[in-house]
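Notes follow once the structure below has been shown.
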Amino acid sequence: VILLPEQLSPAGWQAVFAEAVAPRPLAIVSLPGPDLHVVEWYSTACAYPPVQYFSVGPWDERGEELLASIWEAGDFVLNGVDEPLAGRLPALAGVTREPSVSVRSPRIRESPAQMECRLLDVIPCGDGRLVAGEVLAFHVRDDLYHDDRIDARAYRAVGRVGSGGSCTTAEPYVMEPREVTRR
Amino acid sequence: MTVAREAAALDRRAAYKLVTGIMVPRPIAFISTRSADGVDNLAPFSWNTAVSTDPPMLAFTSNRLPSRPDGREDTLRNVEATGEFVHNIVAAEYEQRMVDTSAAWPPEVDEFAACGLTAAPSAVVAPPRVAESPVCFECRVERLLDLGPTSCLVVGRVVALHVADGLLAGETLDFSGIRRTGRVAGTSYVRA
Numbered sequence: 001v002i003l004l005p006e007q008l009s010p011a012g013w014q015a016v017f018a019e020a021v022a023p024r025p026l027a028i029v030s031l032p033g034p035d036l037h038v039v040e041w042y043s044t045a046c047a048y049p050p051v052q053y054f055s056v057g058p059w060d061e062r063g064e065e066l067l068a069s070i071w072e073a074g075d076f077v078l079n080g081v082d083e084p085l086a087g088r089l090p091a092l093a094g095v096t097r098e099p100s101v102s103v104r105s106p107r108i109r110e111s112p113a114q115m116e117c118r119l120l121d122v123i124p125c126g127d128g129r130l131v132a133g134e135v136l137a138f139h140v141r142d143d144l145y146h147d148d149r150i151d152a153r154a155y156r157a158v159g160r161v162g163s164g165g166s167c168t169t170a171e172p173y174v175m176e177p178r179e180v181t182r183r
Numbered sequence: 184m185t186v187a188r189e190a191a192a193l194d195r196r197a198a199y200k201l202v203t204g205i206m207v208p209r210p211i212a213f214i215s216t217r218s219a220d221g222v223d224n225l226a227p228f229s230w231n232t233a234v235s236t237d238p239p240m241l242a243f244t245s246n247r248l249p250s251r252p253d254g255r256e257d258t259l260r261n262v263e264a265t266g267e268f269v270h271n272i273v274a275a276e277y278e279q280r281m282v283d284t285s286a287a288w289p290p291e292v293d294e295f296a297a298c299g300l301t302a303a304p305s306a307v308v309a310p311p312r313v314a315e316s317p318v319c320f321e322c323r324v325e326r327l328l329d330l331g332p333t334s335c336l337v338v339g340r341v342v343a344l345h346v347a348d349g350l351l352a353g354e355t356l357d358f359s360g361i362r363r364t365g366r367v368a369g370t371s372y373v374r375a
């Protein structure tokens with residue numbers, strides 16, 4: 001079946017992306033104000049120096065508010081989400097904010113891994129706004145971090161699938177490239 | 184207790200391990216491209232996301248200075264030369280062949296043929312799609328964004344969508360039957 005862009009509404013495309021571009025990592029964006037925002041259209045734009053970005057758009061319930069807060073703050077923290085923290089979504093009632101070392105935005109103590117980011121740019125892209133930030137500092141719960149690596153099994157990070165599904169990194173499996181005969 | 188690491192004090196490898204270790208699990212964009220001289224290329228990228236719904240757009244990051252010679256530089260060269268790519272999603276049924284394409288294949292090798300994957304013609308763009316993939320997005324490059332010195336963010340506008348016949352239930356798409364492969368870190372994966 002072939003579908004052309006005009007055959008689906010923006011909401012239809014959102015649903016297709018949610019199903020097909022998965023599993024998606026989650027991040028909770030924390031800012032100086034009281035509000036917390038979950039983003040799942042996020043990724044890395046540059047390896048070194050590390051630059052993270054996420055796209056804010058009509059699919060975010062409070063997207064305009066999030067963009068305004070980020071402009072005002074000039075920084076933000078991306079907090080990784082494990083199973084216990086995912087269980088407290090969407091309200092995230094009672095989570096604890098603690099000071100960051102490099103930015104004004106606080107970190108969420110209950111998150112097992114956090115990235116302090118300085119806002120680099122907000123780039124319009126269709127109906128999305130790409131919010132790009134350079135990571136200035138990383139924080140990782142010490143039982144997850146050995147030899148510069150994060151232990152995915154212990155982290156139990158949660159990924160989103162479709163609109164309501166999820167999975168975790170609790171039981172990853174290994175695949176290596178096979179010796180395939182070259183033509 | 185938490186360990187704090189300042190990014191400026193990290194070398195490239197340590198920073199990479201932290202970014203890729205925190206942002207998990209990741210979807211895999213299996214990108215097919217065609218070079219200016221007509222050689223097809225396939226390579227997996229796990230730094231990717233949807234970025235827009237009107238018009239529909241997807242983005243993936245390609246490193247400009249690859250840490251290993253795995254064909255990712257071929258993808259970026261082809262995208263820059265032709266402005267087209269196909270974003271194929273990875274299903275568990277063919278995940279090992281996706282991993283095989285990430286070996287160090289030279290530019291003249293067609294990873295479709297070398298790794299036992301089927302190149303099916305696309306409807307709008309020149310690069311073929313992966314016939315084994317249940318969902319393929321044909322894309323034209325909308326923007327190439329350099330948000331850092333070592334990588335390029337490739338933003339593509341979807342010009343056609345292919346879904347496997349089995350996913351169409353009447354007028355609606357039903358994805359409940361597909362098992363997707365996601366990337367964790369290094370050589371580890373999850374299914375969802």
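Residue numbers (this note's numbering), protein chains in the order written: chain G, 1 to 183; chain A, 184 to 375. Ideal Cβ positions, reconstructed from N, Cα and C, are used throughout, including at glycine. Predicted, not measured: the structure shown is a model, and the values here were computed from it.
| Query | Result |
| --- | --- |
| Restricting to runs no shorter than 3 residues, where is the beta strand (DSSP E) found entirely within the stretch 273-350 of chain A? | 318-328, 334-346 |
| DSSP on G/Val81, reduced to helix/strand/coil? | coil |
| Which whole runs of the beta strand (DSSP E) in the stretch 55-107 of chain G are 3 residues long or more, in chain order? | 75-80 |
| Beta-carbon within less than 7 Å of G/Val39's beta-carbon, same chain only, minus the 5 sequence neighbours each way: which residues are those? | Ala27, Val29, Phe54 |
| When DSSP labels each residue in this structure, what does G/Pro32 get in the three-state scheme? | coil |
| Just reading off the beta strand (DSSP E) that G/Glu134 is part of, what are its end residues? | 128-141 |
| Under 6 Å Cβ to Cβ from A/Val411, same chain only, skipping five residues before and after it: list those, please. | The requested residue 411 of chain A is not part of the displayed model; chain A covers only 184 to 375. |
| What three-state label does DSSP hand G/Arg183 in the structure shown? | With a pLDDT of only 43 at G/Arg183, under 50, the local geometry of the prediction cannot be trusted, and the value read off the model is given with reservation. DSSP places G/Arg183 in coil when its eight states are reduced to three. |
| Do G/Ala45 and A/Leu201 have their C-beta atoms closer together than 8 Å? | no |
| Given G/Val101, which residues of its chain have a CB within under 6 Å of its CB, disregarding the five upstream and five downstream residues? | Ala137 |
| Say whether the stretch 160-174 of chain G touches the stretch 220-239 of chain A, bearing in mind that this needs 3 or more beta-carbon pairs closer than 8 Å, one atom from each stretch. | no |
| To which residues of the same chain is A/Gly254 closer than 6 Å at the C-beta, ignoring the five residues directly before and after it? | Note that A/Gly254 has pLDDT 46, beneath the 50 cutoff, so the model's placement of it is unreliable and the number below is only indicative. Excluding residues within five positions, the ones whose Cβ falls inside 6 Å are Ala226, Trp288. |
| Suppose contacts are defined by Cβ-Cβ distances below 8 Å. Is A/Val346 in contact with A/Cys322 by that definition? | no |
| With 16 other CB atoms within 10 Å as the buried threshold, where does G/His146 fall? | exposed |
| Select from A/Asp329, A/Glu189, A/Ala242, A/Ile205 the residue whose C-alpha is nearest the C-alpha of G/Arg149. | A/Ile205 |
| I need the straight-line Cα distance from A/Ser215 to G/Asp35, nearest angstrom please. | 40 Å |
| Within the continuous alpha helix (DSSP H) that includes G/Gly159, where are the two ends? | Careful: G/Gly159 lies outside any alpha helix (DSSP H), inside the beta strand (DSSP E) at 158-161. |
| Can you list, in chain order, the residues of its chain with a C-beta nearer than 8 Å to that of A/Ala376? Leave out the 5 residues immediately preceding and following it. | Absent from the structure is residue 376 of chain A, since the part of chain A shown begins at 184 and ends at 375. |
| Would you say A/Asn231 faces chain G, with C-beta separation under 8 Å as the test? | yes |
| Hey, could you find the ends of the beta strand (DSSP E) A/Thr216 is sitting in? | 212-217 |
| With distances taken between CB atoms, is the gap from G/Ser111 to G/Pro32 smaller than 8 Å? | no |
| Buried or exposed for A/Leu351, going by 16 or more other Cβ atoms inside 10 Å? | exposed |
| I want to see whether chain A comes within less than 8 Å of G/Arg104, judged by CB atoms only; does it? | no |
| So, using beta-carbon positions, are G/Pro25 and A/Arg209 closer together than 8 Å? | yes |
| Leaving out five residues on either side along the sequence, give the residues of the same chain with a beta carbon under 7 Å from the beta carbon of G/Glu72. | none |
| What residue from A/Pro239, A/Met240, A/Pro317 has the CA that sits closest to A/Asn271's CA? | A/Pro317 |
| Determine the extent of the beta strand (DSSP E) in which A/Ala365 is found, giving its start and end residues. | Note that residue 365 of chain A is Gly in the sequence shown, not Ala. First-last of the beta strand (DSSP E) with A/Gly365: 364-368. |
| What does the alpha-carbon distance come out to for the pair A/Pro310 and G/Gly74? | 40 Å |
| Determine, using beta carbons only, whether A/Thr232 and G/His139 come nearer to each other than 8 Å. | no |
| Is it buried or exposed for G/Val21, if we count other Cβ within 10 angstroms and need 16 for buried? | buried |
| Using the three-state DSSP reduction, which class does A/Ile361 fall into: helix, strand or coil? | coil |
| With 16 as the cutoff for other CB atoms within 10 Å, does A/Glu267 come out buried or exposed? | buried |
| Provide the residue span of the alpha helix (DSSP H) that contains A/Leu193, from first to last. | No alpha helix (DSSP H) holds A/Leu193; DSSP gives it neither H nor E. |
| Would DSSP call G/Arg109 helix, strand or coil? | coil |
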